[in-house]
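Inspection log for the structure reproduced underneath, given as structure tokens.
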Amino acid sequence: MNTRNRIVTTLAVIAIGGAVGTALVASAPKRLKGRVLDRSTVCMVNDKVLSSPQMPVLVGEKTYYGCCAGCVERLNKDRAARIGTDPVTGREVDKSRAVILRGERGTALYFESTDTARRYQETLRSGLSHAG
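So for the sequence shown, my numbering puts the first residue at 69; every next one is plus one.
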């Protein structure tokens, strides 16, 4: 193989690799940002993932987080503020123990397990790959 053919072959491999990489990125879920590892960045009343740690609220032996005095008060007094719904199973989830994913526009999504969070991500991926 001469030098020209090697260059053309190399460029073809690079182009194909780039196209495959672009396709993989395009098929990734656009509405899901990933797992929230630091739950202190979530206001558990407004269900928003924020950029900095929020105020911890100890209720019993569980820690929740609120962004303001009103949210802290609500977490202390209102059980409903401390409970989310797993979008896969429809079951109640204690926000202090939930697996949290960052959704569209910074919304916090609460899951009862990493399994249901993974199933949610897979559903999003397959829905996006069939759309369009």
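Note that CB positions come from ideal geometry on N, CA and C, so glycine has one too.
Computed from a predicted model, the values in this text were never measured in an experiment.
Test item: CB-CB of residue i and residue j under 7 Å
i      : j      : result
Thr191 : Val167 : no
Val125 : Val140 : yes
Gly128 : Val113 : no
Asp146 : Phe179 : no
Contact belief for residue i with residue j at Cβ below 8 Å, rounded distance in angstroms
i      : j      : result
Gly230 : Val161 : Only positions 69 to 200 of the chain appear in the structure, and residue 230 is not among them; the question remains open.
Ala185 : Asp115 : Not really, about 15 Å apart at Cβ, beyond 8 Å.
Tyr132 : Ser164 : 5 Å
Leu143 : Gly102 : Incorrect: roughly 25 Å between the Cβ atoms, too far for contact.
Residue i versus the options, residue with shortest Cα-Cα distance
i      : options                : result
Val104 : Leu118, Gly134, Thr131 : Leu118
First through last residue of the beta strand (DSSP E) which encompasses residue i
i      : result
Leu143 : No beta strand (DSSP E) contains Leu143, which is instead part of the alpha helix (DSSP H) from 137-145.
Thr131 : 130-134
Thr153 : 151-153
Leu118 : No beta strand (DSSP E) contains Leu118, which DSSP labels as neither H nor E.
Asp162 : 160-162
Met123 : 123-127
Buried/exposed call for residue i, threshold 16 Cβ in 10 Å
i      : result
Leu149 : According to the sequence displayed, residue 149 carries Ala and not Leu. Label assigned to Ala149: buried.
Arg212 : Look at the range of the chain in this structure, 69 to 200, and you will see that residue 212 is not part of it.
Lys130 : exposed
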